[in-house]
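Visitor:
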Amino acid sequence: MEELAIHGGTPVKTTPFGKGSRFAGNELKYLKEALEQNTLFYWFGKKVKELTESFASLYGAKYCMATSSGTAAIHTALGAIGLTAGDEVITSPVTDMGTVIGVLFQNAVPVFADLDPDTYNLDPKSVEAHITPRTKAIVVVHLAGNAADMDPIMEIARRHGVYVIEDCAQSYMCRYKGRLVGTIGDIGCFSLNDFKQISAGDGGLVLTNSRELYENCFKFADKNYNRLANDMAAMRKVEYLAPNYRMTELQGAVGLAQVEKLPDVCAKRNRFGERISEELRKLPGFYPPKVYEGGYHTYWFYLFRIREEETGFTAQELVDMLKAEGIPALKGYIPACIYEYELFLEHTAYQNTHCPFDCPHHPEPVVYEHGICPSAEEILETSVRINFDEFSTEEDLADIVHALRKISDYYQAKKKS
Numbered sequence: 425m426e427e428l429a430i431h432g433g434t435p436v437k438t439t440p441f442g443k444g445s446r447f448a449g450n451e452l453k454y455l456k457e458a459l460e461q462n463t464l465f466y467w468f469g470k471k472v473k474e475l476t477e478s479f480a481s482l483y484g485a486k487y488c489m490a491t492s493s494g495t496a497a498i499h500t501a502l503g504a505i506g507l508t509a510g511d512e513v514i515t516s517p518v519t520d521m522g523t524v525i526g527v528l529f530q531n532a533v534p535v536f537a538d539l540d541p542d543t544y545n546l547d548p549k550s551v552e553a554h555i556t557p558r559t560k561a562i563v564v565v566h567l568a569g570n571a572a573d574m575d576p577i578m579e580i581a582r583r584h585g586v587y588v589i590e591d592c593a594q595s596y597m598c599r600y601k602g603r604l605v606g607t608i609g610d611i612g613c614f615s616l617n618d619f620k621q622i623s624a625g626d627g628g629l630v631l632t633n634s635r636e637l638y639e640n641c642f643k644f645a646d647k648n649y650n651r652l653a654n655d656m657a658a659m660r661k662v663e664y665l666a667p668n669y670r671m672t673e674l675q676g677a678v679g680l681a682q683v684e685k686l687p688d689v690c691a692k693r694n695r696f697g698e699r700i701s702e703e704l705r706k707l708p709g710f711y712p713p714k715v716y717e718g719g720y721h722t723y724w725f726y727l728f729r730i731r732e733e734e735t736g737f738t739a740q741e742l743v744d745m746l747k748a749e750g751i752p753a754l755k756g757y758i759p760a761c762i763y764e765y766e767l768f769l770e771h772t773a774y775q776n777t778h779c780p781f782d783c784p785h786h787p788e789p790v791v792y793e794h795g796i797c798p799s800a801e802e803i804l805e806t807s808v809r810i811n812f813d814e815f816s817t818e819e820d821l822a823d824i825v826h827a828l829r830k831i832s833d834y835y836q837a838k839k840k841s
């Protein structure tokens, strides 16, 4: 039996992880073309238009428009459906703040449903339990490249007459029962932040098959100017407040080159992640993420759960042991469910006011506290995250698997002794 590195043994990983250039395609070519246009404004240039056309074609969607970030994409989608003060939006408590910033900016109230313990995404039963007459939309987060259970969520939404917006920031090319996430709900939102499968530094993309929603999104992201109109008077007919979330031609140029590589990037991540899952299933107490039949996980990161009573160690202890073996790891995805962040606990989304949580448009009490989503909280306590990317090598894969097996074998032998 191998001695664990944390106890003084030899670490498994003694070589660097594979490296590569993310921007070694047509990025420089398209940036040069963008600069040669003598304009970087999306409406006058070609690169943002080419990006949105390319992405819509890849996804088989009718319409795509671009924004300055993934957060802006979600806010744009919410603005397009007319979200306003007093409305509620159901979403996941295990996500980035970018999922809920748009909800709060529209003076609406985020409502957090609990998660499925095996996919780490919204549990449809909990979603339905949180539907009220104030529910305007469900923002479905497809966490880490894995699809939420969309069929029952869509059935619930249609029955109650609410919109479904898909947060696909971490889930490019992810499929649910053969269908690309981002094309199943009313609007799909994507991020081109630097920490995603593809990057333009920042930026966002919005997909929809509804002409009305597309036009609403297009206007909302550009101060409610209607650049699709035929004359200046119609273009400047501003009916309500909207932000400036325009993407520049420089972002569009890099994003276009990145989309060209997207299927290959995600295929490499999928193969790597699936092979880790295959090996984890052999280890007592290790539970890889559940992927629905016909699904396709694109592993922005690899998140799995353990059961201490079976493994003999906690998630944090596993993280510490993996780090000693040379495998970078983290416990969970975020430190706590986002409803435990101060702005929710103290109702301080805006300075010097408690709106939208306590306002005349939403007179019912809003309570955020530890314990409201027990499955989500347990997921964060019992899960471990390992990062890899499309440049990771067969040696990297072998070392990750070796380290996990080494730790498991040590504790299983200890149980028997």
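425 is the number of the first residue of the sequence shown in the working numbering; add one for each residue after it.
In this text, a Cβ means the ideal position worked out from N, Cα and C, and glycines have one as well.
None of these values were measured; they are calculated from a predicted model.
Could you pull out every unbroken alpha helix (DSSP H) segment of at least 4 residues lying fully inside the segment 751 to 803, listed in chain order?
Guide: Taking only runs of at least 4 residues, the alpha helix (DSSP H) segments lying wholly in the segment 751 to 803 are 766 to 769.
Visitor: Between the beta-carbon of Val-588 and the beta-carbon of Asp-573, is there less than 8 Å?
Guide: Walking along the sequence shown from the start, residue 588 turns up at place 164. Walking along the sequence shown from the start, residue 573 turns up at place 149. No.
Visitor: Would you identify the three-state DSSP class for Leu-546, choosing helix, strand or coil?
Guide: Stepping through the sequence shown from its first residue, residue 546 is reached at position 122. DSSP places Leu-546 in strand when its eight states are reduced to three.
Visitor: Is the separation between the beta-carbon of Phe-614 and that of Ala-497 shorter than 8 Å?
Guide: As a first step, residue 614 is located in the sequence shown; it is residue number 190 there, counting from the start. As a first step, residue 497 is located in the sequence shown; it is residue number 73 there, counting from the start. The answer is yes: Cβ separation under 8 Å.
Visitor: Identify whether Met-745 lies in helix, strand or coil by the three-state DSSP scheme.
Guide: Taking the first residue of the sequence shown as position 1, residue 745 is located at position 321. Reduced to three states, the DSSP call for Met-745 is helix.
Visitor: Which residue wins for smallest C-alpha separation from Gly-442, given the options Ala-458, Ala-827, Phe-812, Cys-598?
Guide: On the sequence shown, residue 442 is found 18 positions in, with the first residue counted as 1. Residue Phe-812 is the option with its Cα nearest to Gly-442.
Visitor: Measuring CB to CB, does Tyr-726 end up less than 8 Å from Val-518?
Guide: Your numbering for residue 726 matches position 302 in the sequence shown. Your numbering for residue 518 matches position 94 in the sequence shown. Not a contact, by the Cβ cut-off of 8 Å.
Visitor: Which of the three DSSP states is assigned to Ile-622 in this structure?
Guide: What you label residue 622 is simply residue 198 of the sequence shown in a count that begins at 1. Residue state, collapsed to three classes: coil.
Visitor: My guess is that His-778 and His-771 are in contact by the Cβ rule of under 8 Å, so how many angstroms apart are they, rounded?
Guide: Position 354 of the sequence shown holds residue 778. Position 347 of the sequence shown holds residue 771. Indeed, because the Cβ distance is near 4 Å, the residues count as touching under 8 Å.
Visitor: So, with DSSP's three-state summary, where would you put Met-489?
Guide: Locating residue 489 in the sequence shown gives position 65, where the first residue counts as 1. In this structure, Met-489 counts as strand in the three-state DSSP scheme.
Visitor: Rounded to whole angstroms, how far is the Cβ of Ala-490 from the Cβ of Gly-628, which I believe are closer than 8 Å?
Guide: On the sequence shown, position 66 is the one that residue 490 refers to. On the sequence shown, position 204 is the one that residue 628 refers to. Right, their Cβ atoms sit about 7 Å apart.
Visitor: With a CB to CB cut of under 7 Å and the five nearest residues on each side skipped, what residues in its chain are close to Thr-738?
Guide: In the sequence shown, residue 738 corresponds to position 314, counting from 1. Hits under 7 Å: Glu-732.
Visitor: Span of the alpha helix (DSSP H) holding Arg-729?
Guide: Here residue 729 is taken as the residue at index 305 of the sequence shown, counted from 1. Arg-729 -> not in any alpha helix (DSSP H); beta strand (DSSP E) instead, spanning 726 to 730.
Visitor: Looking at the strands, I want to know which residues DSSP matches up with Thr-439.
Guide: Taking the sequence shown and counting its residues from 1, the one referred to as residue 439 is at position 15. DSSP output for Thr-439 lists no bridge partner at all.
Visitor: With a threshold of 16 other CB atoms inside 10 Å of the CB of Glu-788, please say whether the residue is buried or exposed.
Guide: Residue numbering aside, residue 788 sits at position 364 when the sequence shown is read from its first letter. Exposed.
Visitor: Whose C-alpha, out of Met-578, Leu-539, Pro-576, Val-586, is nearest the C-alpha of Arg-558?
Guide: Position 134 of the sequence shown, counted from the start, is the residue given in the question as residue 558. With distances taken between Cα atoms, Arg-558 lies closest to Val-586.
Visitor: Might you give, ordered along the chain, the residues of its own chain that have their beta carbon closer than 8 Å to the beta carbon of Val-683, omitting 5 neighbours on each side?
Guide: For this step, residue 683 is matched to residue 259 along the sequence shown. Hits under 8 Å: Leu-475, Ser-478, Phe-479, Leu-482, Ile-622.
Visitor: If I'm right that Val-662 touches Asn-648 with Cβ under 8 Å, what's the distance once you round it to whole angstroms?
Guide: For this step, residue 662 is matched to residue 238 along the sequence shown. For this step, residue 648 is matched to residue 224 along the sequence shown. So it is a contact: roughly 5 Å between Cβ atoms.
Visitor: Which residue marks the beginning of the alpha helix (DSSP H) containing Ile-824, and which one marks its end?
Guide: Position 400 of the sequence shown, counting from 1, holds the residue named residue 824. Counting along the chain, the alpha helix (DSSP H) containing Ile-824 begins and ends at 818 to 840.
Visitor: Considering Cα atoms alone, identify which of Thr-438, Ala-822, Glu-590, Cys-797 is closest to Ala-571.
Guide: Counted from its first residue, the sequence shown places residue 571 at position 147. Nearest option by C-alpha distance: Glu-590.
Visitor: Select from Glu-819, Tyr-723, Ala-677, Tyr-544 the residue whose C-alpha is nearest the C-alpha of Pro-440.
Guide: Mapped onto the sequence shown, residue 440 falls at position 16. Closest option to Pro-440, Cα to Cα, is Glu-819.
Visitor: Do you know how far the Cα of Cys-592 is from the Cα of Phe-619?
Guide: Looking up residue 619 in the sequence shown gives position 195. Looking up residue 592 in the sequence shown gives position 168. Roughly 13 Å separates the two Cα atoms.
Visitor: Determine contact between the segment 656 to 674 and the segment 693 to 702, defined as no fewer than three beta-carbon pairs at a distance below 8 Å.
Guide: No: the two stretches stay apart, fewer than three of their Cβ pairs being nearer than 8 Å.
Visitor: Could you please give the first and the last residue of the uninterrupted beta strand (DSSP E) stretch that includes Thr-632?
Guide: By 1-based counting over the sequence shown, the position of residue 632 is 208. 628 to 632 is the extent of the beta strand (DSSP E) around Thr-632.
Visitor: Helix, strand or coil for Asn-650? Go by DSSP, reduced to three states.
Guide: As a position in the sequence shown, residue 650 is number 226, starting the count at 1. It is coil, neither helix nor strand.
Visitor: Can you tell me where the beta strand (DSSP E) with Phe-614 in it begins and where it stops?
Guide: Numbered from its first residue, the sequence shown carries residue 614 at position 190. Looking at the DSSP string, the run of the beta strand (DSSP E) that includes Phe-614 is 611 to 615.
Visitor: Tell me whether the beta-carbon of Ile-514 lies closer than 8 Å to the beta-carbon of Pro-548.
Guide: Translated into positions along the sequence shown, residue 514 becomes position 90. Translated into positions along the sequence shown, residue 548 becomes position 124. The answer is no: Cβ separation not under 8 Å.
Visitor: Measure how close the beta-carbons of Lys-453 and Glu-673 come, nearest whole angstrom, since I'm counting them as under 8 Å.
Guide: Position 29 of the sequence shown, counted from the start, is the residue given in the question as residue 453. Position 249 of the sequence shown, counted from the start, is the residue given in the question as residue 673. Not confirmed; about 14 Å, so no contact.
Visitor: Whose C-alpha, out of Ile-555, Gln-594, Met-597, is nearest the C-alpha of Arg-583?
Guide: Here residue 583 refers to the residue found at position 159 when the sequence shown is read from its first residue. The shortest Cα separation from Arg-583 among Ile-555, Gln-594, Met-597 belongs to Ile-555.
Visitor: Would DSSP call Lys-453 helix, strand or coil?
Guide: By one-based count along the sequence shown, residue 453 stands at place 29. In the structure shown, Lys-453 sits in a helix (DSSP, three-state: H, G or I).
Visitor: Less than 8 Å between C-beta atoms, sequence neighbours within five positions excluded: which residues of the same chain meet that for Lys-838?
Guide: Residue numbering aside, residue 838 sits at position 414 when the sequence shown is read from its first letter. Gly-736, listed in sequence order.
Visitor: Please tell me whether Pro-708 has its Cβ less than 8 Å away from any Cβ of chain C.
Guide: Among the chains in the structure shown there is no chain C, since it carries only a single protein chain.
Visitor: Could you spell out where the alpha helix (DSSP H) holding Lys-471 opens and where it closes?
Guide: Position 47 of the sequence shown holds residue 471. 471 to 483 is the span of the alpha helix (DSSP H), which, as asked, contains Lys-471.
Visitor: Go through the segment 504 to 550 residue by residue and report every complete run of the beta strand (DSSP E) that reaches 3 residues or more, in order.
Guide: Segments of the beta strand (DSSP E) lying fully in the segment 504 to 550: 512 to 515, 533 to 536.
Visitor: So is Phe-710 buried or exposed if we call it buried at 16+ other beta carbons inside 10 Å?
Guide: Looking up residue 710 in the sequence shown gives position 286. Its Cβ being crowded by 16 or more others within 10 Å, Phe-710 is buried.
Visitor: Judging by CA-CA distance, which residue of Trp-724, Arg-693, Gln-740 is the nearest neighbour of Ser-816?
Guide: If you number the sequence shown from 1, residue 816 lands on position 392. Of the listed residues, the one whose Cα sits closest to Ser-816 is Arg-693.
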